[in-house]
Amino acid sequence: MTKKLSELRRGEKGMIVKVNLNGLTRRRLLDLGFIPGTIISVVFESPLGDPVAYLVRDTIIALRKEESEKIEVELIN
Amino acid sequence: MFWKRREKNQQLVQIEILPKRKNKIIALAGNPNTGKSTIFNRLTGLKQHTGNWPGKTVKKAEGIFEIKDVEYTLIDLPGTYSLLSTSEDEEIARDFILFGNPDATVIVCDASVLERNLNLAFQIMQITNRCILCVNLIDEAERKGVEIDKETLEGELRIPVVLTNARSGEGIDELKEKIFLVSNRFLKLSPKKIQHKKEIQEKLNQLVPLIERAFPGLYASEWIALRLLEGDKKIRKAIELGNLLELINKGLNNGNGELK
Chain A
1019 MTKKLSELRR GEKGMIVKVN LNGLTRRRLL DLGFIPGTII SVVFESPLGD
1069 PVAYLVRDTI IALRKEESEK IEVELIN
Chain B
860 MFWKRREKNQ QLVQIEILPK RKNKIIALAG NPNTGKSTIF NRLTGLKQHT
910 GNWPGKTVKK AEGIFEIKDV EYTLIDLPGT YSLLSTSEDE EIARDFILFG
960 NPDATVIVCD ASVLERNLNL AFQIMQITNR CILCVNLIDE AERKGVEIDK
1010 ETLEGELRIP VVLTNARSGE GIDELKEKIF LVSNRFLKLS PKKIQHKKEI
1060 QEKLNQLVPL IERAFPGLYA SEWIALRLLE GDKKIRKAIE LGNLLELINK
1110 GLNNGNGELK
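Given below as structure tokens:
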């Protein structure tokens, strides 16, 4: 089952399947390690729920909803 | 302080991002938090502030060190994930690697997350042949059960690979030796390059010679050509106006690079 990265909750683990962005933002996210096939999980959520910090390839990176809703993940156990 | 007034039409102004060219210039590049500053301190004996957080080295730091009684200038660059970056500290690193033309670039990696670090390594290998991969923090990687196959890595990337633990000093002598060999051109390297798609490569083949003819002495002309193909307006405008080199001196994206 795939869902948006922005819908991933704490305690869940996902695998990135698609990055639906173009141009510089896409490039930037790929550079930061948001590459299809990568395992990702939620580490912190800010009080208002945006941005959210993710653990991706051993590094914590925060994304705003703008970006995280354009990344598709597949839930894994 | 008295500055000599610059002659009006003087063309050859020292490029700001270029340090004095007396010594060979060695750049330290790498992802944030891979121990670049610890390596820097090891080599130079200086006490650049080190700390365990990203973005600590906001400006580039310069130091001197010796190999075989010859002085080298070492530039510690801010950590960056990419050469296509958008934040200010990352730009300093990017501009230097692209246009500073260092005699050797040491790409510092975190051994336990090597894969993530190789993204930048490939981007740098695309621009300069004279690079060394320094796989740092091997002690921590070992603790996590990660073992680095140095020979295979060297064979694949076709650049020297040195395993270091900068905190204890392990591997630093070997790193110096490799810096010596690469910066003095005793080792001829041809790193593995990313192959562009055929259409893109054809366009590059047309564009690069044109750019090189228009801006002699420009490094990273392929990088500029790729930015043009991506539709970077700023670079396009600079090429049309012929002041690409001036724009580069000011920093490509720092907002002050306003064109006349």
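So the sequence lines, in the order shown, correspond to chains A and B.
Using my numbering, the letters of the first sequence map in sequence onto residues 1019 to 1095.
Using my numbering, the letters of the second sequence map in sequence onto residues 860 to 1119.
Idealized CB from N, CA, C, for every residue including glycine.
The structure presented is a predicted model; accordingly, all values stated were derived computationally and were not measured.
Review point. Distance, Cα to Cα, isoleucine 876(B) vs phenylalanine 955(B)?
Key: At isoleucine 876(B), the pLDDT of 48 sits below 50, so the modelled position is not reliable and the matter cannot be decided from this model.
**Study point:** Three-state secondary structure (DSSP) of leucine 1093(A)
**Key:** In the structure shown, the three-state DSSP call for leucine 1093(A) is strand.
Point to revise | Nearest to isoleucine 1053(A) (by Cα), restricted to the options Leu1039(A), Ile1034(A), Asp1068(A), Gly1067(A) | key: Checked all of Leu1039(A), Ile1034(A), Asp1068(A), Gly1067(A); the closest Cα to isoleucine 1053(A) is Ile1034(A).
Review point. On the premise that alanine 888(B) lies in contact with valine 972(B), defined as a C-beta separation below 8 Å, what is that separation, rounded to the nearest angstrom?
Key: Approximately 16 Å separates the beta-carbon atoms of valine 972(B) and alanine 888(B); this is outside 8 Å, ruling out the contact.
Check your understanding: Can you list, in chain order, the residues of the region 1026-1050 of chain A whose Cβ is nearer than 9 Å to any Cβ on chain B?
Key -> Taking 9 Å as the Cβ-Cβ cut-off against chain B, the residues of the region 1026-1050 of chain A that qualify are Gly1041, Leu1042, Arg1045, Arg1046, Leu1048, Asp1049, Leu1050.
Review point. List, in order along the chain, the chain A residues whose C-beta lies closer than 7 Å to that of valine 1063(B)?
Key: For the record, residue 1063(B) in the displayed sequence is leucine; it is not valine. Residues of chain A with a Cβ closer than 7 Å to the Cβ of leucine 1063(B) do not exist, since the nearest Cβ in that chain sits about 17 Å away.
Point to revise | Closest Cα partner of arginine 1082(A) within the set Ile1058(A), Leu1093(A), Pro1069(A), Glu1090(A) | key: Between arginine 1082(A) and the set Ile1058(A), Leu1093(A), Pro1069(A), Glu1090(A), the nearest pair of CA atoms involves Pro1069(A).
Review point. Arginine 1075(A) CB to nearest chain B CB: under 9 Å?
Key: Taking Cβ atoms only, chain B reaches closer than 9 Å to arginine 1075(A), which makes this a yes.
Check your understanding: If we count Cβ pairs, one from each stretch, closer than 8 Å, do we get three or more for the region 1011-1026 of chain B versus the region 986-996 of chain B?
Key -> Contact holds: three or more Cβ-Cβ distances are below 8 Å.
Check your understanding: Going along the region 963-974 of chain B in order, which residues come within less than 9 Å of chain A, judged by CB to CB distance?
Key -> For the region 963-974 of chain B, the beta-carbon criterion of a distance under 9 Å to any beta-carbon of chain A is satisfied by Asp969, Ser971, Val972, Glu974.
Point to revise | 9 Å Cβ cutoff, leucine 1040(B) in contact with chain A | key: No, because no Cβ of chain A sits closer than 9 Å to the Cβ of leucine 1040(B).
Practice item. Out of Trp1082(B), Lys1047(B), Ser1049(B), state which residue places its alpha-carbon closest to the alpha-carbon of asparagine 1064(B). Key: Comparing Cα-Cα distances from asparagine 1064(B) to each of Trp1082(B), Lys1047(B), Ser1049(B), the minimum goes to Trp1082(B).
Exercise for review: Only counting runs of 4 or more residues, tell me where the alpha helix (DSSP H) segments fall wholly within the region 1008-1041 of chain B, in order along the chain.
Suggested key: For the region 1008-1041 of chain B, the continuous alpha helix (DSSP H) assignments of 4+ residues that do not extend past its boundaries occur at 1009-1016, in sequence order.
Practice item. Going by CA-CA distance only, name the one from Pro891(B), Glu921(B), Glu1071(B), Leu979(B) that's closest to asparagine 882(B). Key: For asparagine 882(B), the nearest C-alpha among the options comes from Glu921(B).
Practice item. Would you check if the distance between the CB atom of isoleucine 983(B) and the CB atom of leucine 942(B) is smaller than 9 Å? Key: One thing to note: isoleucine 983(B) has its Cβ within 9 Å of the Cβ of leucine 942(B).
**Study point:** chain A within 9 Å of tyrosine 940(B), Cβ atoms only
**Key:** By the rule that beta-carbons nearer than 9 Å mark a contact, tyrosine 940(B) touches chain A.
Check your understanding: Which residues in the same chain as arginine 1086(B) place their Cβ atom closer than 7 Å to its Cβ, once the five residues preceding and following it in sequence are excluded?
Key -> The beta carbon of arginine 1086(B) sits closer than 7 Å to those of Ile1094, all from its chain and outside the five residues before and after it, given in chain order.
Practice item. To the nearest angstrom, report how far apart glutamate 1092(A) and arginine 1027(A) are at their CA atoms. Key: Their backbone Cα atoms lie some 13 Å apart in a straight line.
Review point. Would you call valine 929(B) buried or exposed, if buried means 16 or more other Cβ atoms sit within 10 Å of its Cβ?
Key: Label assigned to valine 929(B): exposed.
Point to revise | Proximal residues of chain A, C-beta to C-beta of asparagine 995(B) below 8 Å | key: Correct list: empty, because the minimum Cβ distance to chain A is about 15 Å.
Check your understanding: If you drop the 5 nearest sequence neighbours on each side, which residues of the same chain put their C-beta closer than 8 Å to that of isoleucine 1094(A)?
Key -> Only Lys1031, Gly1032, Met1033, Ile1057 meet the Cβ criterion.
Exercise for review: Report yes or no: is there a C-beta of chain A within less than 9 Å of the C-beta of leucine 1088(B)?
Suggested key: It does not; no Cβ of chain A falls within 9 Å.
Review point. For alanine 886(B), which of Glu1010(B), Phe958(B), Leu1069(B) has the nearest alpha-carbon?
Key: The candidate whose alpha carbon is nearest that of alanine 886(B) is Phe958(B).
Practice item. Alpha carbon to alpha carbon, how far is glutamate 1090(A) from phenylalanine 1074(B)? Give it in angstroms, no decimals. Key: In a straight line, the C-alpha of phenylalanine 1074(B) is about 43 Å away from that of glutamate 1090(A).
Check your understanding: Which stretch, first to last residue, makes up the alpha helix (DSSP H) that contains aspartate 998(B)?
Key -> First-last of the alpha helix (DSSP H) with aspartate 998(B): 997-1002.
Check your understanding: Are leucine 933(B) and isoleucine 923(B) closer than 9 Å when you measure CB to CB?
Key -> Between leucine 933(B) and isoleucine 923(B), the CB-CB gap stays under 9 Å.
Review point. If we count the other Cβ atoms within 10 Å of its Cβ and call it buried at 16 or more, is phenylalanine 899(B) buried or exposed?
Key: So phenylalanine 899(B) counts as buried.
Practice item. May I ask which residues mark the beginning and end of the beta strand (DSSP E) holding alanine 886(B)? Key: For alanine 886(B), the enclosing beta strand (DSSP E) begins and ends at 883-889.
Review point. Where DSSP assigns a beta bridge to phenylalanine 1062(A), which residues make up the other side?
Key: DSSP output for phenylalanine 1062(A) lists Ala1071(A) as bridge partner(s).
Review point. Excluding the five sequence neighbours on either side, which residues of its own chain have a C-beta within less than 6 Å of the C-beta of glutamate 1063(A), listed in chain order?
Key: Around glutamate 1063(A): Val1070.
Exercise for review: Taking only beta-carbon positions, decide if leucine 1085(B) is within less than 9 Å of chain A.
Suggested key: It does not; no Cβ of chain A falls within 9 Å.
Point to revise | Three-state secondary structure assigned by DSSP to glutamate 1071(B) | key: DSSP, read as helix, strand or coil, puts glutamate 1071(B) in helix.
Practice item. Could you tell me which of Ala952(B), Ser1080(B), Lys1057(B) sits nearest to leucine 1066(B), measuring between CA atoms? Key: If we check each option's Cα against that of leucine 1066(B), Ser1080(B) comes out closest.
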